[in-house]
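Trainee: Taken in order, these protein sequences are the chains called B and E.
All residue numbers for the first sequence refer to the numbering used here, where the first residue is 1 and numbers rise by one.
All residue numbers for the second sequence refer to the numbering used here, where the first residue is 406 and numbers rise by one.
Questions regarding the structure given below will be posed in turn.
Number of protein chains: 2
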Amino acid sequence: MVSNICVKKFGGTSVGSTERIEAVADRILKEREKDSRPYVIVASAMAGETNRLVDLANRTYLGFRGPAYDMLLASGEQVSIALLSMALEKKGLKAKPYLAHQVGIKTDSMYSRARIKEIKTEPLMKDIQSGIIPVVAGFQGVDEFDNITTLGRGGSDTSAVALAVALKAQDCEIYTDVPGVFSADPRIVPKAKKIPSLCFEEMVEMASLGSKVLHIRSVEIAAKFQLKLQVRSTFEMTEGTWIMNENELNTSMESPLVTAITHDTQTAIFKLVPLPQGAEVLAQLFARLSEKGIVVDVISQSEIDQGQRLAFSVPVEDIIQTKQVISEFFPKVDTTVLDQVSKVSIVGVGMRNHPGVAAKFFNVLAQNKVPIHLVTTSEIKVSAIIDRKDLEKSAQALHSAFGLD
Amino acid sequence: MVSNICVKKFGGTSVGSTERIEAVADRILKEREKDSRPYVIVASAMAGETNRLVDLANRTYLGFRGPAYDMLLASGEQVSIALLSMALEKKGLKAKPYLAHQVGIKTDSMYSRARIKEIKTEPLMKDIQSGIIPVVAGFQGVDEFDNITTLGRGGSDTSAVALAVALKAQDCEIYTDVPGVFSADPRIVPKAKKIPSLCFEEMVEMASLGSKVLHIRSVEIAAKFQLKLQVRSTFEMTEGTWIMNENELNTSMESPLVTAITHDTQTAIFKLVPLPQGAEVLAQLFARLSEKGIVVDVISQSEIDQGQRLAFSVPVEDIIQTKQVISEFFPKVDTTVLDQVSKVSIVGVGMRNHPGVAAKFFNVLAQNKVPIHLVTTSEIKVSAIIDRKDLEKSAQALHSAFGLD
């Protein structure tokens with residue numbers, strides 16, 4: 001049974017200063033005036049605070065991970081929820097800050113990237129019944145040893161969605177510094193528009209392809225439990241972007257082929273030639289990369305006379321570790337690293353039954369004389385890794401060609 | 406039964422930066438090399454951090470007190486114990502940070518000035534048996550509702566002493582930025598010397614008379630449980646000042662009449678004349694001041710023709726509230742406030758059986774032409790409130806006259 005609770009999550013820029021925290025309290029008060037549903041608030045650390053704490057940790061013991069590191073980082077949300085609760089009290093609302101251990105947000109013990117296993121809702125439900133607004137710390141949990149854990153960067157989105165699921169909330173609103181999810185990044189594509197609604201699968205693809213608006217795990221959890229999300233502005237009283245089940249979207253109109261253009265500048269390509277023949281050598285290489293925690297994205301391989309040619313992409317931050325693994329395996333193989341590249345993608349469930357979409361995508365890039373390094377497709381996306389200097393041009397041309405302007 | 410555990414408390418200046426935290430870890434490592442006893446560390450927030458948090462709170466909701474405020478302030482110690490644990494790990498020591506709720510430091514629910522009721526020691530004892538150094542957050546506790554509480558300014562000293570008592574520790578070392586307790590503040594009396602040892606009662610008097618070196622409640626608890634304290638420098642490998650039971654002090658020598666000169670510049674005097682006759686009017690006034698949380702220190706009263714004359718001292722921070730109470734009670738009485746005054750005191754158990762000490766004290770001030778506004782004495786101290794401009798001269802003259810130079 002669905003309750004009428006609404007979970008509202010405020011990100012770091014929304015609570016970036018005491019003035020902004022006061023603005024958030026004002027916003028909650030305004031929402032309250034026209035909406036009598038019970039609220040549960042989730043907040044991130046004040047913008048910049050997590051970076052400050054990471055910097056203190058790095059200066060103390062670079063590379064250390066464990067309970068002490070997570071305890072350190074979790075202090076950021078402790079500050080913001082305490083201040084936001086005080087700001088709500090000042091407006092005459094009853095509020096109470098909750099740390100993860102006080103709610104009972106139980107996680108595994110994978111410090112710095114813990115996963116939520118269970119959320120107890122009794123203390124929050126008791127508050128809600130007394131008209132108190134619980135203000136819950138995002139990003140943090142507690143493991144079976146009573147240690148504080150953290151969920152990884154962007155984890156407050158996941159906290160909010162998991163809490164909404166546990167509370168059987170009606171919906172979950174993600175308040176941010178933009179008015180919603182856009183058809184492309186407006187800094188790259190000036191004609192980008194706010195998307196009124198899209199489905200979970202599209203949002204998962206977009207998050208994995210470089211969109212920063214939502215943490216991918218939060219969307220996966222929302223999809224699994226069919227929880228409607230709304231991404232909206234903290235500072236404007238406008239409707240944002242709804243993310244929901246595909247069959248709940250308005251299907252009276254022809255759905256567009258492509259919903260959004262997404263890009264990622266934090267990617268790099270490795271080209272290795274020649275490698276010995278056979279799949280086994282590739283299996284060993286990728287197994288070793290995976291052991292090191294390196295997520296390989298696009299892979300391209302072809303047979304040549306001297307053996308095989310291999311190209312693959314990894315996140316920019318993993319370039320050094322990837323080089324080390326390659327030099328262990330193939331000390332004599334010629335390796336090229338391209339780090340001035342970007343991935344540009346089109347995403348849309350509308351392309352499922354339209355085989356011509358990929359062709360059109362390549363045509364647009366060809367017409368604009370944009371060389372492609374690597375390509376990958378799925379049922380609902382087409383991605384190409386191109387030179388970074390061609391990113392703006394390509395994204396704008398794709399945005400126009402697929403009717404998103 | 407006393408254990409061989411040594412509790413070591415490091416204050417805010419000792420952990421004021423990542424460099425200083427590393428120096429503290431170095432110091433602990435050096436102590437460890439010549440001392441195989443198990444250690445429990447207690448740390449304050451990094452210097453300046455509590456002020457920063459108070460400022461955030463004041464900008465959000467000036468005057469608010471409650472669980473959110475204490476949660477906010479407690480985040481400062483969370484940062485320092487996490488960093489200190491990491492610094493110890495880097496030196497090859499095993500360490501684990503503990504927040505108050507993880508130890509089980511139970512307090513009442515008087516937020517911002519909670520008192521410790523009970524400390525559970527099981528988790529710490531388990532760590533100690535495994536060779537792990539627990540690093541415990543000072544200043545904080547947890548109440549029966551699972552809310553974070555704080556013990557008031559300087560509360561980390563109290564945390565350390567209470568923890569040492571609970572662990573039946575052999576002694577408790579308070580590391581600070583000075584080498585020990587001095588016979589006077591060296592900034593005011595350049596000839597001040599480090600005191601090798603003094604007794605609990607003297608330290609309690611000194612703390613209540615303006616000495617900042619130890620939180621008064623920590624000394625009261627140490628006295629109650631006969632726990633030896635040592636105040637010593639974080640940065641110099643020297644013996645500090647021992648604070649212990651009077652009968653354990655070296656009594657083979659004649660004990661000095663006076664152990665130390667203490668001063669307090671944060672005091673103000675109210676003079677009211679004429680008030681109506683009778684004790685009842687005074688009782689009502691002081692009851693009302695006490696209700697407001699104002700601690701009245703020295704009181705002087707005398708009968709005059711028109712009724713009675715009253716003078717009393719309060720902390721400078723309470724001047725405004727005190728004025729309000731007086732104007733409620735006696736809107737027409739002539740009230741003078743002296744806020745350019747200071748209290749200077751002599752403290753020493755040696756004066757117990759020497760009735761001439763007070764006379765000598767007044768003589769020294771008279772010889773130096775220092776007028777006295779108010780006076781108070783106890784078995785082991787004599788205090789006078791004088792003009793602030795006379796403070797240095799008076800403290801130096803008393804220091805010489807009582808043989809402390």
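We put the beta carbon where it would ideally sit given N, CA and C, even for glycine.
#1: Could you tell me whether the Cβ of B/P97 comes closer than 7 Å to any Cβ of chain E?
#2: Do E/V769 and E/A665 have their C-beta atoms within less than 7 Å of each other?
#3: What first and last residue would you give for the alpha helix (DSSP H) that runs through E/F761?
#4: So the candidates are B/T238, B/L56 and B/Q308; which of them puts its Cα closest to the Cα of E/I426?
#5: Using a cut-off of 7 Å between C-beta atoms, extract the partners of E/D551 located in chain B.
#6: Please compile the residues from chain B whose C-beta is within a distance smaller than 8 Å of the C-beta of E/F469.
#7: Whole angstroms is fine: what's the gap from E/V541's alpha carbon to E/L493's?
#8: Please report the straight-line C-alpha distance between E/D551 and B/L398, rounded to a whole angstrom.
#9: Exposed or buried, what is B/S252 when buried is set at 16 or more other beta-carbons lying within 10 Å of its beta-carbon?
#10: Measure from the alpha carbon of B/A268 to the alpha carbon of each residue in B/M351, B/Q367 and B/H373, then state which is nearest.
#11: Would B/I304 be called buried (16 or more neighbouring beta carbons within 10 Å of its own) or exposed?
#12: Counting only beta-carbon separations shorter than 7 Å, does B/L289 have a partner in chain E?
#13: Sort E/F469, E/M608 and E/K501 by Cα distance to B/D70 and report the nearest one.
#14: Under 8 Å: do the segment 479 to 490 of chain E and the segment 439 to 459 of chain E share three or more Cβ pairs, one atom per stretch?
#15: Which residues in chain E sit within 8 Å of B/I21, going by Cβ to Cβ distance?
#16: From B/V181 to B/I195, what does the alpha carbon distance come to, in whole angstroms?
#17: Along chain E, in chain order, which residues have C-beta atoms closer than 8 Å to that of B/T107?
#18: Within 7 Å of any Cβ in chain B, is that where the Cβ of E/S408 sits?
#19: Report the option in B/F402, B/V40 and B/G66 whose CA atom is closest to the CA atom of B/K168.
#20: Against E/L477, what residues of chain B qualify as contacts under a CB-to-CB distance less than 7 Å, listed in chain order?
#21: Does B/L482 get closer than 7 Å to chain E when you measure Cβ to Cβ?
#22: Please report the distance separating the alpha-carbon of B/A358 from that of B/A160.
#23: With a CB to CB cut of under 7 Å and the five nearest residues on each side skipped, what residues in its chain are close to E/S490?
#24: In whole angstroms, give me the CA-to-CA distance for E/R520 and E/D548.
#25: Look at E/K525 and E/G509 and say whether their C-beta atoms are less than 7 Å apart.
#26: Is E/T423 close to chain B? Criterion is C-beta to C-beta, closer than 7 Å.
#27: Mind listing the chain E neighbours of B/Y69? Cutoff is C-beta to C-beta under 8 Å, in chain order.
#28: List, in chain order, every chain B residue whose beta-carbon is nearer than 7 Å to that of E/S480.
#29: Taking contact to mean 3 or more Cβ pairs, one atom from each stretch, closer than 8 Å, check whether the segment 409 to 426 of chain E and the segment 197 to 212 of chain B are in contact.
#30: Measure the alpha-carbon distance for B/N247 versus B/G356 and round it to whole angstroms.
#31: Per DSSP, which one or two residues make a beta bridge with E/I579?
#32: Taking only the alpha-carbon atoms, compute the straight-line gap between B/M125 and B/A162 and give it to the nearest angstrom.
#33: Measure how close the beta-carbons of E/T670 and E/L614 come, nearest whole angstrom, since I'm counting them as under 8 Å.
#34: Since B/S3 and B/Q170 are thought to touch, with beta carbons under 8 Å apart, how far apart are those beta carbons, to the nearest angstrom?
#35: If you measure between the beta carbons of E/I704 and E/D723, is that distance less than 7 Å?
#36: Could you work out which residue in E/V429, E/L477, E/R464 and E/L458 is closest to E/V447 when comparing CA atoms only?
Mentor: By the coordinates alone:
#1: yes
#2: no
#3: Per the sequence shown, the amino acid found at residue 761 of chain E is Gly instead of Phe. G761 to Q772 is the extent of the alpha helix (DSSP H) around E/G761.
#4: B/L56
#5: Q102
#6: M86, E89 and K90
#7: 13 Å
#8: 55 Å
#9: Because B/S252 sits at a pLDDT of 49, beneath the cut-off of 50, its placement in the model cannot be relied upon, and the point is left open.
#10: B/H373
#11: exposed
#12: For B/L289, not one C-beta of chain E is nearer than 7 Å to its own C-beta.
#13: E/K501
#14: yes
#15: T465
#16: 6 Å
#17: Here the premise fails: no neighbours, minimum Cβ distance about 16 Å.
#18: no
#19: B/V40
#20: The contacting residues are V79, A82 and L83.
#21: Not covered by the structure: residue 482 of chain B. The range shown for chain B is 1 to 405.
#22: C-alpha separation (whole angstroms): 36 Å.
#23: A500, K501, P502 and V540
#24: 10 Å
#25: yes
#26: yes
#27: A487 and M491
#28: S75, Q78 and V79
#29: They do not touch, by the three-pair rule.
#30: 24 Å
#31: Beta-bridge annotation (DSSP): E/I579 is paired with E/K414 and E/V636.
#32: C-alpha separation (whole angstroms): 15 Å.
#33: In fact, because the Cβ distance is near 12 Å, the residues do not count as touching under 8 Å.
#34: 7 Å
#35: no
#36: Looking at the Cα atoms, E/V429 is the closest of the given residues.
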